[in-house]
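Start counting the sequence shown at 53; every next residue gets the next number (this note's numbering).
Beta carbons: idealized from backbone N, C-alpha and C, even for Gly.
First comes the structure, then the notes that go with it.
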Amino acid sequence: MRILSLFALLLCLALPCAGETLSLEEMMAAEEAAPIVQDGGEAISSAAREDFIDRIIATAQSLYEEAGGRAQRAQYSGDIYICKNFTVHLFRENRDDFRMAEYPDVPLVIPNNQKRDDCAPYVYGVEWQDIPAAEGNPFYAAATFRYDSALSKEENRRLAREFLQQVQRGDYFQMAANYYYGVGAHSMVFIDDYDPETDSVRWTDSNMKGKSINGERYAYVQYDAVKEIDWFVDAFCRSKYGATIYRLRDDIIYAQ
Numbered sequence: 053m054r055i056l057s058l059f060a061l062l063l064c065l066a067l068p069c070a071g072e073t074l075s076l077e078e079m080m081a082a083e084e085a086a087p088i089v090q091d092g093g094e095a096i097s098s099a100a101r102e103d104f105i106d107r108i109i110a111t112a113q114s115l116y117e118e119a120g121g122r123a124q125r126a127q128y129s130g131d132i133y134i135c136k137n138f139t140v141h142l143f144r145e146n147r148d149d150f151r152m153a154e155y156p157d158v159p160l161v162i163p164n165n166q167k168r169d170d171c172a173p174y175v176y177g178v179e180w181q182d183i184p185a186a187e188g189n190p191f192y193a194a195a196t197f198r199y200d201s202a203l204s205k206e207e208n209r210r211l212a213r214e215f216l217q218q219v220q221r222g223d224y225f226q227m228a229a230n231y232y233y234g235v236g237a238h239s240m241v242f243i244d245d246y247d248p249e250t251d252s253v254r255w256t257d258s259n260m261k262g263k264s265i266n267g268e269r270y271a272y273v274q275y276d277a278v279k280e281i282d283w284f285v286d287a288f289c290r291s292k293y294g295a296t297i298y299r300l301r302d303d304i305i306y307a308q
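The structure is reproduced here in structure tokens:
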């Protein structure tokens, strides 16, 4: 059941004593800005969080449209069309208007990929560095998959499928994979929930596909790309490989 936050309720009660009343529009705005809360007190989401996700996805769409199907340079460390750089850019372009309710004075940051040695015994690319929320990281690992050599291939594939079925709109995805277009680490952002009817996911990314021009790497931006989840399972369900789904915390608020 959706209810107003306790703060909003108290505010509505307190203001008339001071000779003021809240309009219906102001009350609705207060509710919209507050987290949605279940009867048990569990915060599910907020209007600010959804706005943050909307902006990230809209930025990706704009970059896709600006590229116009042309490959973009993805050779040097500062090139935003390298896969990880692309997803980081989407975040950084929009983060300044948002904070976490638990740490309202801390600017938001997005972690780098975990160092190769710290990924062991798995290969580089399966996860991000573990930065605490108190230091500005608004993401948490919503789901992980690591190939388990103690299980059969069929059991691993079942777990990998269950892992991908948890995808939600706005999730960041980090995988170490061997797929049709390349081998190694890849980063992307899902733009819709997992679709059980088509058994598929939709995403935006850069540099999954690319080409060489004059000895330099050039990448294609993808928006609203779609594959059945078995395509991804084939890619990362391998010995020493895996993937992680990162999700924004529920307490995203607007920066003051």
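One thing to note: Q127 has its Cβ within 8 Å of the Cβ of R269. Put simply, the backbone Cα of F284 is about 21 Å away from that of I109. The region 221–233 makes contact with the region 104–123; the number of CB pairs closer than 8 Å reaches 3 or more. In this structure, the CA atom of W180 is about 12 Å from the CA atom of V140. The C-beta of A307 has fewer than 16 other C-beta atoms within 10 Å across all chains shown, which makes the residue exposed. Assigned with DSSP and collapsed to three states, L300 falls in strand. Excluding residues up to 5 positions away in sequence, F225, W255, D257 lie with their Cβ nearer than 6 Å to the Cβ of M240 in the same chain. According to the DSSP secondary-structure assignment, G294 is paired through a beta bridge with R198, A228. Per DSSP, R210 lies in no beta strand (DSSP E); the unbroken alpha helix (DSSP H) holding it starts and ends at 205–216. Non-local beta-carbon contacts of C171 in its own chain, meaning distances under 6 Å to residues more than five positions away in sequence, involve V178 in chain order. By the beta-carbon neighbour count (other beta carbons within 10 angstroms, threshold 16), G262 is buried. Taking 8 Å as the cut-off, the Cβ atoms of I281 and V253 count as close. When secondary structure is reduced to three states using DSSP, I243 falls in the coil class, being assigned neither helix nor strand. Taking N164 as reference, the option from L203, N146, A237, V158 with the minimal CA-CA separation is A237. With a 10 Å radius around the Cβ and a threshold of 16 neighbouring Cβ atoms, P248 comes out exposed. Taking the Cα positions, Y275 is about 11 Å away from A119.
A228 is the residue among R290, A277, A228 whose C-alpha sits nearest the C-alpha of K136.
When DSSP assignments are scanned along the region 108–167, the uninterrupted stretches of beta strand (DSSP E) that are 3 or more residues long and fall wholly within it turn out to be 150–152. By DSSP's assignment, K279 forms a beta bridge with V253. Under a 10 Å Cβ-count criterion, S98 is classified as buried, with 16 or more other Cβ atoms of the shown protein chains found around its own Cβ.
Burial is judged here by how many other beta carbons sit within 10 angstroms of a residue's own beta carbon; P156 has fewer than 16 and is exposed.
Judged by beta-carbon spacing, Y293 lies within the 8 Å limit of Y174, meaning their Cβ atoms are closer than that value. Here V235 is not near G188, since their CB atoms are 8 Å or more apart.
For the pair I304 and N266, the Cα-to-Cα distance works out to about 44 Å.
R269 carries a strand assignment under DSSP once its states are collapsed to helix, strand and coil. Residue environment: P190 is assigned as buried (16 or more neighbouring CB atoms within 10 Å of its CB, all protein chains considered).
With a cutoff of 8 Å on beta-carbon distance, N230 and C289 are scored as not near each other.
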